[in-house]
Structures are given as structure tokens and as C-alpha cells.
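Down below is the structure, laid out as C-alpha cells.
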Amino acid sequence: MSTTSVPEHLWETLLPLTKLDIEPPELQSLLQEHIKPTIEDTSTEVPYDLITGIAKWSGSDKGKEMLKAEGLDPSSYSLIPLLAGTTFAPSSKPPPPPPPEHDPAADKRAITALINGLFSVVGVGFAAWWAAGNIHWRNETRVLLALASSIIVAIAEGVLYLIWSSHAEKRKEQQKRRKASKSRPKVAEEKPVGVEEEVLSQDEPQTNVVRRKGYEHEKEEVPVDS
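So the sequence shown is numbered by my numbering: it starts at 54 and just counts up by one.
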């Protein structure tokens, strides 16, 4: 959340507003939370949304009437006068990543996989029952073989579905991390350029100057033969 410093002149400007019925009520409660009767008890920083909200309210017809009724100048509560002499601090925390949107295609894929699995189980069971009938097995054996085949295929389909769902969850987590990393403000480390070069250049030219001065001094002292 971005904040703004509260110097004394801003506190004096906002203090009369704590007694007014500012709309919306959330703005009034936020103002009363940060602006106190004494500047010592007042917050050193207030949310930037509070300043913009007051500026917007003061520009409305109802806000102007209430300010004029209290003998206050509505122009003093516009955004530029309120921010004059303050220090703006941008938010150091990135906004929370947006909630993942529901993907209808994922539901379709899951339903398709479920239907394919059911067809596979039924198809394998029927194939086993039919194959056992061709070799003239008894009906009890044919049923047991069909059930066993269907159970094995169902277990295999379940394992495959769990593997697929785990990979899908991993992909979603990776996408969330990528979105979160993109939403974070990139703070570049500002390094003073040429500090060491300036220090060296400040040291070296001094010795050179001394030498040059000494050389020039010696040169001036050398008598010139006429």
C-alpha cells in the first residue's frame, strides 16, 4: 500500500475534516484512524488512497458545501495542495496474485478422461468374457476373468489419472509463480558509478599537481642566461 508522509501543515489541513461527515463512511473512518487531535498521536504516514479520496470528495458538490459551511477553502483540499511538501512512498510489497481463473477446458478434459476410462474398463471386461467363451470356458470362469481384467484396467486408469492430475497441479503452481514473479516490482540496485574512479582521480591529480607545481617552481627559480 502506497503511503504519504504527514507534515505539520498537512495535519493542520486534515484535522478539521475529522469532525465532518465525509462520504463514503470508510473514508471518514480511515481519516479518523490516522489523524488525531495532536500531531504527536497522528500517524507519520497515511495511505495514499486517503489523500486521493479526500481530494475527490472535496471536488464534489456536497463536499464543497460542507467545507464552505465550516469556513474552509475547497481548493485547499485538491490533490496538488494536499501533496505539496509531502513524501510519497510506493508500496514495497507486490499486490497479491489474482486468483486462478476457472478453466472450462480442464473440466472437459477430466470428463473425457473419465469416460475413456469407463469405456476401457467395460471394453476389456467384455473382451475377456468373449475370449473366454470362444475357448469354451465355464460361465463362472468367464465372469471371474472379465471382472479381474476390468479391475486391473481400472487400477491402471486410476494410476494414470493420478499422474496426469499431479502434473496438471504442478503446471498450475508454476504458472502462479511466474505470474507472481512478473507482478513483483523489479527494484534495481543503484550503484554509484565511478566512485572508485573519482577517489583515485582525486588522489592522483593531487600528487601530479604537487609535482607540476614543484616543477614549475623549480623552473621559475632557474636563472635564465641572457
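Where is the CB? At the ideal position from N, CA and C, for every residue including glycine.
Under three-state DSSP, which class holds PRO90? For the purposes of this step, residue 90 is identified with residue 37 of the sequence shown, where counting begins at 1. In the structure shown, PRO90 falls within a coil segment according to DSSP collapsed to helix, strand and coil.
In three-state DSSP terms, what is GLU123? Numbered from 1 along the sequence shown, position 70 holds the residue referred to as residue 123. GLU123 falls in the coil class under three-state DSSP.
Here's the rule I'm using: 16 or more other beta-carbon atoms within 10 Å means buried, otherwise exposed. How should ARG224 be labelled? Walking along the sequence shown from the start, residue 224 turns up at place 171. With fewer than 16 other beta carbons inside 10 angstroms of its own, ARG224 counts as exposed.
Below 8 Å on the Cβ atoms is my contact criterion, and I expect SER218 with THR139 to pass it. Report the Cβ-Cβ distance as a whole number of Å. The residue you call residue 218 lines up with position 165 of the sequence shown. The residue you call residue 139 lines up with position 86 of the sequence shown. The pair is not a contact, with the Cβ atoms about 52 Å apart (cut-off 8 Å).
Is the beta carbon of ARG195 sitting closer than 9 Å to the one on TRP182? The count along the sequence shown starts at 1 and reaches residue 195 at position 142. The count along the sequence shown starts at 1 and reaches residue 182 at position 129. Yes. Within cutoff.
Here's the rule: buried if 16 or more other CB atoms are within 10 angstroms of the residue's CB, otherwise exposed. What is LEU213? Residue numbering aside, residue 213 sits at position 160 when the sequence shown is read from its first letter. Counting Cβ neighbours within 10 Å, LEU213 comes out exposed, since fewer than 16 surround it.
Taking the C-alpha atoms as reference points, what is the distance between PHE141 and GLU61? Locating residue 141 in the sequence shown gives position 88, counting from the first residue. Locating residue 61 in the sequence shown gives position 8, counting from the first residue. Cα to Cα, PHE141 sits roughly 15 Å from GLU61.
Nearest to LYS72 by CA position, among LEU63, MET119, SER203, ALA137, is which residue? Reading the sequence shown from its first residue, position 19 is the one you call residue 72. Taking LYS72 as reference, the option from LEU63, MET119, SER203, ALA137 with the minimal CA-CA separation is MET119.
Would you mind reading off the limits of the alpha helix (DSSP H) that contains SER173? The sequence position of residue 173 within the sequence shown is 120, counting from 1. Membership of SER173 in the alpha helix (DSSP H) is indicated by the continuous run 157-187.
Is there contact here, the segment 104-116 with the segment 70-89, by at least three beta-carbon pairs under 8 Å? Touching, yes, given that three or more Cβ pairs across the two stretches are closer than 8 Å.
Can you tell me which of the three DSSP states VAL206 falls into? Taking the first residue of the sequence shown as position 1, residue 206 is located at position 153. Of the three classes helix, strand and coil, the one that applies to VAL206 here is helix, per DSSP.
Closest by C-alpha distance to LEU200, when choosing among ALA209, HIS220, ASN187, VAL174: As a working note, residue 200 is residue 147 in the sequence shown. Among ALA209, HIS220, ASN187, VAL174, the Cα nearest to that of LEU200 belongs to VAL174.
Can you give me the Cβ contacts of GLN227 inside the same chain, cut-off strictly under 8 Å, excluding the 5 residues immediately before and after it? Within the sequence shown, numbered from 1, the residue matching residue 227 stands at position 174. Result list for GLN227: empty, nothing under 8 Å.
Status (buried if at least 16 other CB within 10 Å, exposed otherwise) for ILE164: Position 111 of the sequence shown, counted from the first residue, corresponds to residue 164. Burial check for ILE164: the Cβ neighbour count within 10 Å stays below 16, so the residue is exposed.
Note the first and the last residue of the continuous beta strand (DSSP E) segment covering SER131. One-based indexing of the sequence shown puts residue 131 at position 78. DSSP places SER131 in no beta strand (DSSP E); its state is neither H nor E.
Just mark ILE133 as buried or exposed, buried being the case when its beta carbon has 16 or more other beta carbons within 10 Å. Position 80 of the sequence shown holds residue 133. Answer is exposed; the Cβ neighbour count stays below 16.
Going by DSSP, what residue range makes up the beta strand (DSSP E) through THR66? Taking the first residue of the sequence shown as 1, we reach residue 66 at position 13. Annotation: THR66 is outside any beta strand (DSSP E); the continuous alpha helix (DSSP H) that includes it extends over 61-67.
Looking at PRO100: is its Cβ nearer than 9 Å to the Cβ of SER129? Within the sequence shown, residue 100 is the residue found at index 47, counting from 1. Within the sequence shown, residue 129 is the residue found at index 76, counting from 1. In this structure, PRO100 sits away from SER129, with a CB-CB distance that is not shorter than 9 Å.
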